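Chemist: When you number the sequence shown by the working numbering, it's gap-free, plus one each residue, and the end is 309.
Every residue, glycine too, gets a C-beta built ideally from N, C-alpha and C.
On a predicted model such as this, the values are computed, not experimentally measured, just so you know.
Below is the structure I would like to discuss, written out as structure tokens.
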Amino acid sequence: MRKTLSALLIAALLSCVLSVPAMAAKGVKNHEHTLDEGTVTQEPTCYNRGWITYTCTDPDCNYVYREPIPATGHNMDDGEYLVRPSCAGMGEMIYHCQNPGCTYVTTHIVPYLGHRMELDEVISEPTCTHAGLTRYTCAREGCHAATMITFPALGHRMDAGVLTVEPTCTSSGTIVYSCTREGCDYTREQWVAPLAHTWDEGTVAIEPTDQYWGRRIYTCTVCGTTTPEAIPPLSAVFRLGIHGGSHYTVDPDTDTTIRSDGELNFHIYIEDGWKAGDDFTVTAARAQIRSEADGSFTVCHVEADTRITVSGIVQG
Ligand SMILES: [Zn+2]
Ligand SMILES: [Zn+2]
Ligand SMILES: [Zn+2]
Ligand SMILES: [Zn+2]
Ligand SMILES: [Zn+2]
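In structure tokens, the structure reads:
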């Protein structure tokens, strides 16, 4: 038993010693390896990596080097319809992996198409004042969807207008506008403001004096209408002697000839034999009153029909 064991051990040791030179001859040589172009020793699949093996080209060297090739992933085809989509219904596509030996499939929902509405019939064309009506139907096969579409009325398309009544200095004119759309006889009139008179330079009819207004007459060179204009008196200030209890009403028709478009200024002084009392006042409703340094008053910007009232004058 012991003998047998020793013999086995020796045999094993011998075989080891004997195999070392053989391994060295075929093993990795200590040199710079020159690798070949490589050989795919295991093809990659959709899911698993493959291998490429490079071998040293030195026949005495058995060095090999393996590099992984990444998994290819699926190579899906362009798909085919499982269910075709319709105007309102979803469809479904199925895609197959084209790589050999792979049975992977996937499906995608395809959105519904929506109707493809096309003009079917013009029921009525829109006019200036009435809406148009048109029917549209879906052009997709097997779909009978239809809808009515209303087009708003066009509104009138007016021309540039024709002056049918010429305006004068005092009367208005008329422009008539007409709709240019075929079949529409709508018209609209527009008022044109009267022209203003064209006045000449005027002629003096009454010469003004120191105290009296004059008058100038203007004539329209188009229609002959005349209009007067007051010419102010040459002397603008009138002296108005006042005594006890005086009042003075400006009267356009008599001595002052004040007109509604004119005005006078009065210098008021107290006549001899009278003097201003404690309650001396001058009032005038439609005029301005100014106290002067010498104790007198000036009533200015007097309009027609103004009553100037002086009170508080006593004898003295
Ligand atoms: Zn080598
Ligand atoms: Zn695949
Ligand atoms: Zn449809
Ligand atoms: Zn019209
Ligand atoms: Zn005129």
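Taking the DSSP output, what are the residues bridged to Q308?
Modeler: What you label residue 308 is simply residue 315 of the sequence shown in a count that begins at 1. In DSSP, Q308 forms a bridge with W267.
Chemist: Does DSSP classify D193 as helix, strand or coil?
Modeler: Your numbering for residue 193 matches position 200 in the sequence shown. If DSSP states are grouped into helix, strand and coil, D193 belongs with coil.
Chemist: Could you check which residue in D271, I116, A280 has the C-alpha nearest to that of Q308?
Modeler: Taking the first residue of the sequence shown as position 1, residue 308 is located at position 315. Ranking the options by Cα distance to Q308, first place goes to D271.
Chemist: Once you ignore the five residues that flank M16 on each side, which residues in its own chain have a CB closer than 6 Å to its CB?
Modeler: Numbered from its first residue, the sequence shown carries residue 16 at position 23. For M16, the predicted model reports a pLDDT of 35, less than 50, meaning its position is unreliable; a value from the coordinates is still stated below. So no residue of the chain qualifies.
Chemist: In whole angstroms, give me the CA-to-CA distance for D248 and W206.
Modeler: Position 255 of the sequence shown, counted from the start, is the residue given in the question as residue 248. Position 213 of the sequence shown, counted from the start, is the residue given in the question as residue 206. With a pLDDT of 36 at D248, under the threshold of 50, the predicted position of this residue should be treated as unreliable, though the coordinate-derived value follows. So the alpha carbons of these two residues sit roughly 10 Å apart.
Chemist: Rounded to whole angstroms, what's the CA-CA distance from T250 to S164? Just pull it up for me.
Modeler: For the purposes of this step, residue 250 is taken as residue 257 along the sequence shown, with counting starting at 1. For the purposes of this step, residue 164 is taken as residue 171 along the sequence shown, with counting starting at 1. Residue placement at T250 is flagged as unreliable, the pLDDT there being 38, under the threshold of 50; a coordinate-derived value is accordingly withheld.
Chemist: If I measure Cβ to Cβ from T219 and keep anything under 6 Å in the same chain, skipping five residues before and after, which residues do I get?
Modeler: Numbered from its first residue, the sequence shown carries residue 219 at position 226. Same-chain partners within the cutoff: I210, T212.
Chemist: Which residue marks the beginning of the beta strand (DSSP E) containing A278, and which one marks its end?
Modeler: Position 285 of the sequence shown, counting from 1, holds the residue named residue 278. Neither: A278 is in no beta strand (DSSP E) and is coded neither H nor E.
Chemist: Cβ of Y105 within 7 Å of Cβ of G82?
Modeler: For this step, residue 105 is matched to residue 112 along the sequence shown. For this step, residue 82 is matched to residue 89 along the sequence shown. Yes.
Chemist: Just reading off the beta strand (DSSP E) that R76 is part of, what are its end residues?
Modeler: In the sequence shown, residue 76 corresponds to position 83, counting from 1. The question names Arg, but residue 76 is Val in the sequence shown. Note, V76: beta strand (DSSP E), 73 to 76.
Chemist: Are the CB atoms of T191 and V215 within a distance shorter than 7 Å?
Modeler: Position 222 of the sequence shown, counted from the start, is the residue given in the question as residue 215. Position 198 of the sequence shown, counted from the start, is the residue given in the question as residue 191. Yes. Within cutoff.
Chemist: Between G135 and D71, what straight-line distance do the alpha-carbon atoms span, to the nearest angstrom?
Modeler: Within the sequence shown, the letter at position 142 stands for residue 135. Within the sequence shown, the letter at position 78 stands for residue 71. For G135 and D71, the distance between alpha carbons rounds to 26 Å.
Chemist: Taking the beta carbon of F144 as the centre, do at least 16 other beta carbons fall within 10 Å, making it buried, or is it exposed?
Modeler: Stepping through the sequence shown from its first residue, residue 144 is reached at position 151. Exposed: under 16 other Cβ atoms inside 10 Å.
Chemist: Given this structure, state the Cα-to-Cα distance separating Y56 from G43, to the nearest angstrom.
Modeler: Within the sequence shown, residue 56 is the residue found at index 63, counting from 1. Within the sequence shown, residue 43 is the residue found at index 50, counting from 1. Cα to Cα, the separation comes out at about 20 Å.
Chemist: Quick check on DSSP: helix, strand or coil for D152?
Modeler: To locate residue 152, count along the sequence shown from 1; it is residue 159. Reduced to three states, the DSSP call for D152 is coil.
Chemist: Alpha carbons only, please: which of I306, A277, D53, E159 is nearest the one belonging to V185?
Modeler: Numbered from its first residue, the sequence shown carries residue 185 at position 192. Ranking the options by Cα distance to V185, first place goes to E159.
Chemist: Select from A198, P187, H149 the residue whose C-alpha is nearest the C-alpha of D178.
Modeler: The count along the sequence shown starts at 1 and reaches residue 178 at position 185. Answer by Cα proximity: H149.
Chemist: From G255 to I301, what does the alpha carbon distance come to, in whole angstroms?
Modeler: Within the sequence shown, residue 255 is the residue found at index 262, counting from 1. Within the sequence shown, residue 301 is the residue found at index 308, counting from 1. Model confidence at G255 stands at a pLDDT of 46, short of 50, so the residue's coordinates are unreliable and nothing is read from them.
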